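Chain order of the listed sequences is A and B.
Using numbering that gives the first Met the number 0, read the first sequence as starting at 0 and increasing by one per residue.
Using numbering that gives the first Met the number 0, read the second sequence as starting at 0 and increasing by one per residue.
Quick reminder that beta carbons are idealized off the backbone N, C-alpha and C, glycines included.
Just so we're clear, the structure is a prediction, and the values are computed from it rather than from any experiment.
Shown next, in C-alpha cells, is the structure this report addresses.
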Amino acid sequence: MALDYRRCAEEIVSLIGGRENVAQAAHCATRLRLVIKDNSKIDKKKLENVDGVKGMFESNGQLQLIIGTGTVNKVYEEFLAVTGMTAATKDDVKEAAAAAQPAWKRALKSVGDVFVPILPAIVASGLMMGVVEALGKAIPTFAETDWYAYLDMVANTAFAFLPVIVAVSAARVFGGNIFLAAVIGLMMVHTGLLNGWNVGSVDAINGFFGVTDGKIPTWNLFGNIKIGDYVLGSISRHGYQGHVIPVMIAIWFMSKIEKWLHDHVNEMIDLFVVPITTVFVTSLFTFVVIGPIFATLENYVLKGAEWLVQFPPGAMLMGAIYPVTVVMGLHHMYNVIEAGMLSSVGLNTWMPIASAANFAQFGACLAVGLKCRQAKLKTVAVPSALSASLGITEPAIFGVNFRFMKPFVCGMIGAACGSVFGAITKIGATAYGVTGIPGYLTINNPGVYTVLLLISGGVAFGLTLAVWKEDNDEIPGAKVDEPKTTSTPMINEVQASKSSGEVPCDNVVISSSAGEIGQPTKGKIIPYTEISDETFASGVLGQGVGIIPDEGVVYAPMDGEISSVADSKHAIGITGAEDMELLIHVGVDTVEMKGDGFTTFVSEGDQVKKGQKLMEFDIAKIKAAGKADTVVVLLTNSDDYEDLKLS
Amino acid sequence: MKEFKYVITDEVGIHARPAGLLVQEAKKYSSTIMFVKGEKSAKATSLMKLMGMGIVKGDEVTVTVEGDDEEAAAAAIEAFLKANL
C-alpha cells in the first residue's frame with residue numbers, strides 16, 4: 000500500500016507538539032530533520048509507530064525521522080503544507096540547532112563579529128588621527144602645513160566612510176555578497192545625498208540643496224499619501240555618515256533577501272535577477288524604513304551611553320561590571336557604541352572606562368605576581384600583567400585574577416574608581432580597541448589619562464596586595480585555561496604563558512623519536528596491557544598507558560590539534576608533532592554514559608598547548624555507572640614508531 | 000572502484016573500540032578504503048579521522064574501496080559493518 004504522505008505528516012506534527020514546537024524543518028536523502036523547541040512535548044513511542052517512519056533519533060539538537068529515499072521529500076512537502084512552514088535548507092537547520100543559545104546572546108555575538116574584524120582599519124585611522132591631532136596641538140605651525148591637511152584626510156577616511164567598511168564586514172558575518180553590501184554601504188554615504196554629519200546644519204542644507212528654508216527635501220516615491228505628518232515611503236535626502244547600526248541592520252536584511260532569492264530563482268536567470276532585486280529591495284527598505292528608524296534609535300543609544308559614561312555613578316557601575324562582561328565574552332558589544340561615537344562626534348568617551356578596567360586588571364595581576372612566592376605562579380602572573388598593561392587582559396583575567404577571585408574583585412573596584420575619574424574629566428579617544436599604555440596614542444589628554452591609569456591600576460594593585468593571600472592549598476597549578484569564546488583577536492598573538500606550570504604533564508609517559516607525551520591526568524600509571532578491557536589491553540588501538548585517576552581532569556599532554564571529540568564527550572583525539580595520533584579515552588565502556596558526567600573544553604580543529612585543560616569528568620559518576628574509570632592514553636599509530644618507550 | 004552504503008544500527012556508532020577494530024580490518028588490505036558521511040570523509044586506516052566523523056546510529060555512510068584487492072576488501076568491510084555496527 001502506498002504511503003499516505005499527508006496522513007504521515009499530520010501524525011508527525013501532532014506527535015511532536017504541533018506547529019508551535021517546530022523551529023526548523025529540512026530533509027536529506029532519507030531523513031526528515033527537525034529542530035524542536037521543547038523536546039519534552041515529543042511522544043517518541045507513538046512517533047516510532049507512525050506509518051512511514053522507520054526510525055527516529057536525536058542528534059546535535061535535531062530530531063531526525065528516518066522515512067526513506069523517494070518518500071521523505073513527499074512527506075516533507077506535506078509537512079510544510081500541514082505546518083505552513085517554509086522550506087529550510089540543511090544549513091538553516093544546523094544553524095538553528097547551533098542556535099540553542101538564547102537569541103540575545105547570538106545577536107551580541109554577531110555584533111562582535113562585525114566590529115572586531117574591522118579593528119585594523121579603525122586602529123590605523125585612530126592612531127594616525129591621534130598623532131596628527133596631538134602634533135597639531137603641540138606645534139601650532141604644524142596645523143597649517145600641507146602635511147597636516149593631507150594626514151588629516153588620510154586619517155579620517157575610515158571614519159568618513161565607515162558605513163562601507165561595516166557593510167562589507169556585516170555581509171561576511173550574515174552571509175551576503177560583500178560586493179552588493181559595498182554597494183549598499185556606498186549608497187548610504189553617496190555624495191548625491193546630504194552628508195549625514197550636516198543634517199543639523201541649516202547653512203549646509205541650504206548650500207547643498209539650493210534651498211532657503213533649511214529643510215532637507217524628500218523624494219516621495221509613492222505620491223503624497225499621508226499618515227499624520229508622515230508621507231508614506233518618503234526618503235529624506237541625507238546620507239548615513241556617522242551611523243553604524245542602520246548599516247548593520249540593512250546588510251542583515253540584504254543577506255536574508257539575497258539568500259531567499261538564490262533559493263527561489265531559477266539558476267539560469269539567477270545572475271540577472273538576484274543582484275538587481277537584492278539591491279533594489281534592500282535600498283528601498285533601507286532608506287524608507289531601516290535608516291530612519293535605526294538612525295534615530297542609534298542616536299538615543301549613543302546619547303544614553305555618552306550620558307552614562309559622563310555621569311559619575313553610571314561610569315562607576317560600567318567600570319565595575321566591564322571585567323565581568325569580558326569574562327562573559329560580551330565586551331565586544333561595546334564596539335558598536337564606540338564605533339558610533341567615533342562616527343558621530345569623533346570622540347570615543349567610552350574608551351576611558353575600558354582602559355580603566357583593563358589597567359586595573361593589570362594592577363591586580365601585577366600585585367599577585369609580586370606577592371606570590373610560587374615560581375610557577377610568578378611566571379604566569381608577571382607576563383600576563385605586562386600583556387594587560389598593553390590592553391590585552393585575557394591572560395591576566397583568566398590565568399590569574401579570576402582564578403583567585405579576590406584580585407579580580409579588586410580590579411573591578413580599581414576600574415570603578417578610574418572610570419569615575421574619566422567621567423569627571425570627560426576625556427576621550429580617537430579609536431577603539433586600543434587601551435592601556437597604547438591608549439596614549441589615541442587619547443585627547445595624555446596628562447589626565449596618566450592619572451586615570453594610575454588611579455585604576457593603583458587602587459587595584461594596592462587592594463590586591465592588602466587583601467589577597469597566597470594559599471598553597473588553593474593553587475592547583477594547572478587551572479590556567481583560557482576559554483576560547485572570550486578571546487579577542489589579539490589574543491591569538493599572545494600565546495598566554497599558561498602551559499608553564501602544569502602538574503601532571505611534565506611527567507612523560509610515552510616517548511619516541513617523534514616526541515614526548517606527558518601524563519594527561521593525575522593518578523597512578525599502569526601498563527596498557529593491564530587495562531580492564533580486552534580491546535585496549537590487546538593493543539589493537541595502539542600502545543600507551545592507563546591511568547587510575549586521582550582527579551577528574553584531563554590536560555593536553557602535548558601541543559597539537561584536536562582531531563576528534565566524541566559526541567559522548569568521553570574521548571578526545573589529539574594529533575601532535577610528527578603526526579602522533581593520541582587517543583585519550585576516559586573510562587571503559589563510558590560511551591554508554593552518553594556524556595553524563597563529562598565536560599569538554601575543546602572542539603574538533605582547536606589548537607591546544609601542552610597543559611591546557613581539555614576535559615573534566617566525574618569519577619564518582621563513572622563508578623556509580625558501574626564502569627572502570629581508567630583513563631586510557633594510547634598512541635594509536637604507535638606502529639609507526641620503532642623507538643617507542645612507555646613508562 | 001567499489002562503493003556501497005550502510006546505515007549504522009549500533010547504539011553508539013563508530014566510537015573508539017569499533018573504530019579500532021575497523022582500522023585493523025582495513026589494514027589487512029592494500030586497497031584505499033574511504034568512509035564518507037555528508038561532507039566529512041576519512042580513510043578507514045585512520046582511527047582519529049574515523050572517530051572525528053562522529054558517526055552515530057542512523058547515519059548513512061558511503062564506503063568506497065579502490066585498489067588491487069577491492070573486491071575482497073569491500074566484501075570484508077561490509078561484513079564487518081554488518082557484524083559490528
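{"Item": "Is any beta-carbon of chain B found at less than 9 Å from that of Y149 (chain A)?", "Value": "no"}
{"Item": "In chain A, what lies closer than 8 Å to L20 (chain B) by C-beta?", "Value": "T534, V539"}
{"Item": "So who's on the other strand from I292 (chain A), going by DSSP bridges?", "Value": "Beta-bridge pairing links I292 (chain A) to no other residue."}
{"Item": "Helix, strand or coil, according to DSSP, for M55 (chain A) in the structure here?", "Value": "strand"}
{"Item": "Go ahead and label I352 (chain A) buried or exposed: buried means 16 or more other beta carbons lie within 10 angstroms of its beta carbon, across all protein chains shown.", "Value": "buried"}
{"Item": "How should R18 (chain A) be labelled, buried or exposed, when 16 other C-beta atoms within 10 angstroms of its C-beta is the threshold for buried?", "Value": "exposed"}
{"Item": "State the Cα-Cα distance for the pair K53 (chain A) and A513 (chain A), rounded to the nearest angstrom.", "Value": "49 Å"}
{"Item": "Taking its Cβ as the centre, do 16 or more other Cβ atoms sit within 10 Å of A80 (chain A), making it buried, or is it exposed?", "Value": "exposed"}
{"Item": "9 Å is my cut-off, CB to CB: does E59 (chain B) come that close to chain A?", "Value": "yes"}
{"Item": "So which of A:G339, A:Y439, A:Y4, A:P291 has the shortest CA-CA distance to M127 (chain A)?", "Value": "A:Y439"}
{"Item": "Of all the alpha helix (DSSP H) runs that stay within the bounds of the segment 147-214 of chain A, which reach a length of 4 or more residues?", "Value": "161-173, 177-187, 201-208"}
{"Item": "Compare the beta carbon distance of T441 (chain A) and M579 (chain A) with 9 Å and say whether it is the shorter of the two.", "Value": "no"}
{"Item": "According to DSSP, what are the bridge partners of K42 (chain B)?", "Value": "B:M33"}
{"Item": "Report the CB separation of G19 (chain B) from T534 (chain A) in whole angstroms; it is logged as a contact under 8 Å.", "Value": "6 Å"}
{"Item": "Give the straight-line distance between the Cα atoms of I571 (chain A) and T31 (chain B), rounded to the nearest whole angstrom.", "Value": "25 Å"}
{"Item": "According to DSSP, K1 (chain B) sits in a beta bridge with which residue or residues?", "Value": "B:V64"}
{"Item": "Quick one: what's got a C-beta closer than 6 Å to P482 (chain A)'s C-beta in the same chain, skipping five residues either side?", "Value": "Note that P482 (chain A) has pLDDT 39, beneath the 50 cutoff, so the model's placement of it is unreliable and no number is given."}
{"Item": "Check whether the Cβ atoms of G195 (chain A) and H242 (chain A) lie closer than 9 Å to each other.", "Value": "yes"}
{"Item": "On the criterion of 16 or more Cβ atoms from any shown chain inside 10 Å, does W146 (chain A) qualify as buried, or is it exposed?", "Value": "exposed"}
{"Item": "State the start and end residues of the unbroken beta strand (DSSP E) segment that holds V507 (chain A).", "Value": "507-511"}
{"Item": "State whether the segment 283-292 of chain A contacts the segment 364-374 of chain A, with contact taken as three or more CB pairs (one from each stretch) at a distance under 8 Å.", "Value": "no"}
{"Item": "Report the partner residues of S124 (chain A) according to the DSSP bridge assignment.", "Value": "Answer is none; S124 (chain A) lacks a bridge partner."}
{"Item": "Any contact between the segment 218-228 of chain A and the segment 266-281 of chain A? By contact I mean 3 or more CB pairs, one from each, below 8 Å.", "Value": "no"}
{"Item": "Output, in chain order, the set of chain B residues within a Cβ distance shorter than 9 Å of Q63 (chain A).", "Value": "G57"}
{"Item": "Any idea if E70 (chain B) is buried or exposed, counting beta-carbon neighbours within 10 angstroms, 16 or more meaning buried?", "Value": "exposed"}
{"Item": "Nearest chain B C-beta to F56 (chain A) closer than 9 Å, yes or no?", "Value": "yes"}
{"Item": "Could you check if L382 (chain A) is buried or exposed, using at least 16 other CB atoms within 10 Å of its CB as the buried criterion?", "Value": "The sequence given here has Pro at residue 382 (chain A), not Leu. Classification for P382 (chain A): buried."}
{"Item": "List the whole-angstrom C-beta distance separating I248 (chain A) from V335 (chain A), where the pair is believed to meet the contact cut-off of C-beta under 8 Å.", "Value": "With 8 Å as the limit, I248 (chain A) and V335 (chain A) do not qualify as a contact, their Cβ atoms being about 12 Å apart."}
{"Item": "Counting along the chain, where does the beta strand (DSSP E) carrying Y554 (chain A) start and finish?", "Value": "552-554"}
{"Item": "I'd like to check one pair, L33 (chain A) with L62 (chain A): are the Cβ atoms closer than 9 Å?", "Value": "yes"}
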